[in-house]
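Numbering (my numbering), first residue to last: 1 to 126. Note that the Cβ used here is the ideal one computed from N, Cα and C, for glycine as well. Values in this document were obtained by computation on a predicted structure and should not be read as measured data.
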């Protein structure tokens with residue numbers, strides 16, 4: 001477990017089976033964690049951003065099921081003054097939506113739907 005702000009956190013990339021055995025958490029912990037991750041991503045979308053490069057290795061959760069998203073240098077940002085889009089230029093191959101595979105991210109405006117796909121894939125593999 002890593003330590004951030006005095007609290008121990010774990011990467012969600014660890015198998016739920018291992019987490020439940022090693023750290024004594026149950027299904028309520030996993031459901032609460034999933035809800036909290038989705039809520040954070042929703043708040044980011046409401047603010048007008050797209051994460052772009054979501055993967056389990058970049059999501060940590062503490063013992064109260066409160067997640068932290070790290071390595072957030074790949075957000076897609078829209079300038080509200082001139083509407084210019086600063087695109088997310090990177091993506092993790094295993095979590096890229098099918099319509100973006102082999103595409104040049106520097107010429108594509110990604111959407112919330114792309115992030116939703118990534119979140120769904122994370123849930124399937126984590």
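CB-CB under 6 Å to residue i, same chain, minus the five flanking residues each way: which ones, in chain order?
i	result
residue 112	45
residue 55	92 and 95
residue 114	97
Residue i bridges to which residues according to DSSP?
i	result
residue 17	In DSSP, residue 17 forms no bridge with anything.
residue 76	50
Can you round the beta-carbon distance between residue i and residue j to whole angstroms, since I take them to be within the 8 Å contact cut?
i	j	result
residue 78	residue 48	6 Å
residue 106	residue 89	6 Å
I'd like the list of long-range same chain contacts for residue i, defined as Cβ closer than 7 Å, with 5 residues on each side in sequence excluded.
i	result
residue 30	16
residue 123	34
Where do the N-terminal and C-terminal ends of the beta strand (DSSP E) with residue i fall, by residue?
i	result
residue 68	67-69
residue 83	Where residue 83 is concerned, there is no enclosing beta strand (DSSP E), given that its DSSP letter is neither H nor E.
residue 61	59-62
In this structure, how does DSSP classify residue i when only helix, strand and coil are distinguished?
i	result
residue 107	helix
Under 8 Å from any heavy atom of the ligand FMN, does the C-beta of residue i make it?
i	result
residue 63	Looking for the ligand FMN in the displayed structure turns up nothing, as the structure carries no ligands at all.
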